[in-house]
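Encoded as structure tokens, the structure appears first; notes follow it.
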Amino acid sequence: MTEKKLLPSGLPRIESLEMRGIVKRFPGVLASDHVNFDVKAGEIHALLGENGAGKSTLMKILYGLYHPDEGEILLNGQPISINSPTDSISYGIGMIHQHFMLVDNLTVVENVALGLKSSREPRLDLDKVAERIVELTEKYGLDVDPYATVSDLAVGQQQRVEIIKALYRGAALLVLDEPTAVLTPQEVDDLFVIFKQMAQEGHALVFISHKLHEIIDLTDRVSVLRDGKMVGTRPTVGATKPDLAKMMVGREVSLERERPPVKVGRVRLKVENVTAMSPQGVPVLKNVSFEIRGGEILGVAGVSGNGQRRLAEVIAGLWPVAEGKIYIDVDGKDVTNLPPSKMIDAGLSYIPEERMHDGAIKDFSVEENLILQDHIRPPFSKGIFLNFKVIAQHAKRLIKDFNIKTPGKDTLIKNLSGGNIQKAIMARELDRHPRVLIASQPTRGVDIGATEYIHGQLLMQRAGITGDKVMSEAEEIRERISQQRPAGVATMLISEDLDEVRAMSDRVMVIFDGEIMGIVNNNETTVEELGLMMAGEKQELPA
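Okay, so the sequence shown: first residue is 1 according to my numbering, each after it adds one.
Put into structure tokens, the structure is as follows:
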């Protein structure tokens, strides 16, 4: 009889897991089209693909959240049936979700104990659970206090609690869904050390990410999904970012953007000692001051939830200023606490973080969404009457100019892809020819093609470049934002993707816990310096 191989923890290890011919159908969508995927002990296998490619569906099948319509799963060469997460966990499969599955008002040990069963005692001994947590934290350098309340932990520590939960339950295979999305660069480095140690000990890891450099740095193999089909699997050694991007989208993709020098103009936006409060009276912005000049892109970096969204909403007139002043065109135009319609009149355009909640009305047509906030203004109306001919011409022009892929102007906007919804919002906001543009998470949730477009448009305007180059959705969105620079537009680009901030910005401002940690010239800073500020280390602000 062959002896079972064990992990250092004493738990059986998974030598191999294979998914064969997996098919999953949803109404009108073939989410997984006869997909084959495998992972081996001691390996970190990346799963790459654009939004909607089928990554989440495949992993939810593996974790028992979905049941495949066809296909089979083999564990160490033997077919198994996974009908629920409980089944998956019993086979040694754990999943670290992008959005943490923790109860904020419970302690770490209580969160780890949730769902555990004891066959011998009616109640779990939490002290024994805590002892095991300490063993795991010491072994993997996870550095988490088992008796700390989850709400008191930083985001990076909360993610470590999720890893502890999976390891405590005996996970020999870990599915990691965008695990670096909310971490500082230093936290990412620490996490990769942990993942590599786990692989060396015999764990199998599936790493889902859209960050190509992370996949190249960390993983052993990479599999690429496109439109529900497995495009291919290759060793990561020797792979380049253009190679992987081409596998994702099926064509050459421009990943690097040049930022030609642009002569900046006068100050267009000035934020002076601004403080804003939560509904509970807690400061969410603390004495924030900065300015942006015409032709300049100021990138705002920070880990999610540190005040970026409130900063954008305060400037756009959607959240009240408790103290301080906001000026547009610093010639006496005080716009503090003006309503959004007045901010538009003052020359501000806003691309919001939540596009379907704040940027569009899902049950309105593309045409109607392209005149939101403008329908009461000429030439779209005269008195109480709308000029439908002008509105239709306006929609057709923007659909063409911004390459919005839609069956027609009367299509409900909710039926478009995320990237095309974002392009419609961008078209409306940029067509106003603003003095100030606030772009909040403009490429979040859009595919690499859409990201390419968005970045490209921002930079093209900056450099005065026009043309009919074929671009992806992401590229188009970036292009449009860049195009605002030579027009003298002051642009604030808020993004949790530090690579995006570095690629697009002239200066970078880092926000932590509602406070500005530093403002630095992009060409004179490093990822390490920005990472320290993102973790709360304050730099001396320029005079």
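We treat Cβ as the ideally placed atom computed from N, Cα and C, and that holds for glycine.
Delimiting residues of the alpha helix (DSSP H) encompassing residue i
i: residue 388; result: 388-401
i: residue 156; result: 155-168
i: residue 582; result: Any question about residue 582 goes unanswered here, given that the chain covers just 1 to 543.
i: residue 564; result: Only positions 1 to 543 of the chain appear in the structure, and residue 564 is not among them; the question remains open.
i: residue 195; result: 185-200
i: residue 372; result: Taken as a continuous stretch (DSSP letters only), residue 372 belongs to no alpha helix (DSSP H), as it is neither H nor E.
i: residue 148; result: Here residue 148 belongs to no alpha helix (DSSP H), and DSSP marks it neither H nor E.
i: residue 112; result: 108-113
Where residue i falls, given that 16 or more other Cβ within 10 Å makes a residue buried
i: residue 521; result: exposed
i: residue 110; result: buried
i: residue 37; result: buried
i: residue 147; result: exposed
i: residue 406; result: buried
i: residue 263; result: exposed
i: residue 495; result: buried
i: residue 67; result: exposed
i: residue 1; result: The pLDDT assigned to residue 1 is 40, lower than 50, so where the model puts this residue is not dependable; a value taken from the coordinates is nonetheless given after this. By the 10 Å Cβ count, residue 1 comes out exposed.
i: residue 235; result: exposed
i: residue 293; result: buried
i: residue 29; result: exposed
i: residue 526; result: exposed
i: residue 180; result: buried
i: residue 60; result: buried
i: residue 103; result: exposed
DSSP three-state assignment for residue i, whether helix, strand or coil
i: residue 420; result: helix
i: residue 239; result: coil
i: residue 79; result: strand
i: residue 463; result: Below a pLDDT of 50, predicted positions are generally treated as unreliable, and residue 463, at 47, falls in that range; no measurement from the model is reported.
i: residue 210; result: coil
i: residue 405; result: coil
i: residue 45; result: strand
i: residue 229; result: strand
i: residue 531; result: helix
i: residue 176; result: strand
i: residue 57; result: helix
i: residue 71; result: strand
i: residue 361; result: coil
i: residue 134; result: helix
i: residue 311; result: helix
i: residue 334; result: strand
i: residue 511; result: strand
i: residue 86; result: helix
i: residue 142; result: coil
i: residue 218; result: helix
i: residue 244; result: helix
CA-to-CA distance, residue j to residue i, given in whole angstroms
i: residue 388; j: residue 372; result: 14 Å
i: residue 556; j: residue 208; result: Nothing can be reported for residue 556, as the shown portion of the chain is limited to 1 through 543.
i: residue 94; j: residue 228; result: 23 Å
i: residue 58; j: residue 78; result: 19 Å
i: residue 80; j: residue 310; result: 48 Å
i: residue 15; j: residue 280; result: 52 Å
i: residue 392; j: residue 384; result: 18 Å
i: residue 31; j: residue 538; result: 46 Å
i: residue 352; j: residue 375; result: 19 Å
i: residue 43; j: residue 204; result: 5 Å
i: residue 505; j: residue 299; result: 5 Å
i: residue 308; j: residue 402; result: 27 Å
i: residue 215; j: residue 246; result: 15 Å
i: residue 276; j: residue 284; result: 6 Å
i: residue 493; j: residue 436; result: 11 Å
i: residue 115; j: residue 446; result: 35 Å
i: residue 481; j: residue 448; result: 16 Å
i: residue 370; j: residue 414; result: 13 Å
i: residue 271; j: residue 125; result: 54 Å
Cross-strand partners of residue i (DSSP beta bridge)
i: residue 385; result: 382
i: residue 38; result: 18
i: residue 271; result: 290, 326
i: residue 283; result: 277
i: residue 25; result: 30
i: residue 537; result: Paired residue(s): none; residue 537 is not in a bridge.
i: residue 223; result: 47, 233
i: residue 525; result: According to DSSP, which records beta bridges pairwise, residue 525 is partnered with nothing at all.
i: residue 204; result: 173
i: residue 94; result: 174
Extent of the continuous beta strand (DSSP E) to which residue i belongs
i: residue 520; result: 515-521
i: residue 436; result: 436-440
i: residue 298; result: 297-301
i: residue 493; result: 490-494
Residue i at chain B interface by Cβ criterion, 7 Å
i: residue 47; result: Annotation note: the requested chain B is absent from the structure, which comprises a single protein chain.
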